[in-house]
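In my numbering, the protein residues as written are 2 to 182.
Ideal placement from N, C-alpha and C gives every residue a C-beta, glycine not left out.
What follows is a set of notes on a single structure, which appears directly below.
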Amino acid sequence: MINKDQTFESKYELLEELGKGMFGTVKKCQCTDTGVEYAAKVVRKTTKNKEEVVREVSTMNLLQHKSIAQIHDAFESKRQMVIVMELIRGKELFEKVCQEDTLLTEKQCVYYLRQILSGVEYMHKKKIVHLDLKPENILCIDSPQGYDEIKLIDFGLARDLSSTKQLSCICGTPEFVGKSM
Numbered sequence: 002m003i004n005k006d007q008t009f010e011s012k013y014e015l016l017e018e019l020g021k022g023m024f025g026t027v028k029k030c031q032c033t034d035t036g037v038e039y040a041a042k043v044v045r046k047t048t049k050n051k052e053e054v055v056r057e058v059s060t061m062n063l064l065q066h067k068s069i070a071q072i073h074d075a076f077e078s079k080r081q082m083v084i085v086m087e088l089i090r091g092k093e094l095f096e097k098v099c100q101e102d103t104l105l106t107e108k109q110c111v112y113y114l115r116q117i118l119s120g121v122e123y124m125h126k127k128k129i130v131h132l133d134l135k136p137e138n139i140l141c142i143d144s145p146q147g148y149d150e151i152k153l154i155d156f157g158l159a160r161d162l163s164s165t166k167q168l169s170c171i172c173g174t175p176e177f178v179g180k181s182m
């Protein structure tokens, strides 16, 4: 549910930028009441963007899984839409794999894949498809044991197929879209 009665600024303070995407900017934010930090995806409000954010919020509200980033709050104002979600302290899988000093063992790869597939299987059982699953949308939460926890992020292109027989669009990052698309 998107909060229209309260403003984002009345509950949170924006902090530093964490990243930019195609649809908006992700910034760290802090709840002014509790001091708890979250990630806030800030999107300029247009008719098209509003539809996308509403769909993303609805989708994220359906997903409660340890390998999927959790939504905390959402706001709509005259100029912007904001999705407040769990702050994940870690790196993109892409960054981790590209580090020169990183050598992933077979055991680590299996551990990562099990977590990724557990999240994807959970989504598919709920008839939700991510449509933009790629190393940049998989975060690794550092662990001293070397076996990072995985979180799937960025549900901007995700679709709920429970009421649809077939997806009518081609979505995703071209390098990661299946050849059958």
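Is A40 near E10, with beta carbons less than 8 angstroms apart?
For the purposes of this step, residue 40 is taken as residue 39 along the sequence shown, with counting starting at 1. For the purposes of this step, residue 10 is taken as residue 9 along the sequence shown, with counting starting at 1. No; because the gap between Cβ atoms is not below 8 angstroms, this pair is not in contact.
Distance, D6 Cα to I139 Cα:
Here the question's residue 139 lines up with position 138 in the sequence shown. Here the question's residue 6 lines up with position 5 in the sequence shown. C-alpha of I139 to C-alpha of D6: approximately 33 angstroms in a straight line.
Hey, how far is the Cα of I129 from the Cα of M2?
In the sequence shown, the residue the question calls residue 129 occupies position 128. In the sequence shown, the residue the question calls residue 2 occupies position 1. Straight across, the Cα-Cα distance linking I129 with M2 is about 18 angstroms.
Measuring straight from C-alpha to C-alpha, what distance separates M126 and T103?
Here residue 126 corresponds to residue number 125 of the sequence shown, with the count starting at 1. Here residue 103 corresponds to residue number 102 of the sequence shown, with the count starting at 1. As written in the sequence, residue 126 is Lys, which differs from the Met given in the question. When rounded, the distance between both Cα atoms is 34 angstroms.
Apart from the five residues on each side of it in sequence, which residues of its chain come closer than 7 angstroms, Cβ to Cβ, to T33?
Walking along the sequence shown from the start, residue 33 turns up at place 32. Cβ neighbours of T33 beyond the five flanking positions: K12, Y13, E14.
In this structure, how does DSSP classify M82 when only helix, strand and coil are distinguished?
Within the sequence shown, residue 82 is the residue found at index 81, counting from 1. In the structure shown, M82 adopts extended strand secondary structure according to DSSP, grouped into three states.
In chain order, what are the residue ranges of uninterrupted beta strand (DSSP E) at least 3 long that sit wholly in the segment 20-81?
Segments of the beta strand (DSSP E) lying fully in the segment 20-81: 26-32, 38-45, 72-77.
For I3, name the three-state secondary structure that DSSP assigns.
One-based indexing of the sequence shown puts residue 3 at position 2. DSSP places I3 in coil when its eight states are reduced to three.
Starting from E14, follow its DSSP beta bridges and name the residues at the other end.
The residue given as residue 14 occupies position 13 in the sequence shown. E14 pairs with Q31.
Spatially closest choice to M124 from I154, V85, R90, by CA coordinates
Counting from 1 along the sequence shown, the entry for residue 124 is found at position 123. Of the candidates I154, V85, R90, the one whose C-alpha sits nearest the C-alpha of M124 is I154.
With DSSP run on the structure shown, which of helix, strand or coil describes R160?
Your numbering for residue 160 matches position 159 in the sequence shown. Correct three-state label for R160: strand.
Three or more C-beta pairs below 8 angstroms linking the segment 54-71 and the segment 94-114:
Contact fails: fewer than three Cβ-Cβ distances are below 8 angstroms.
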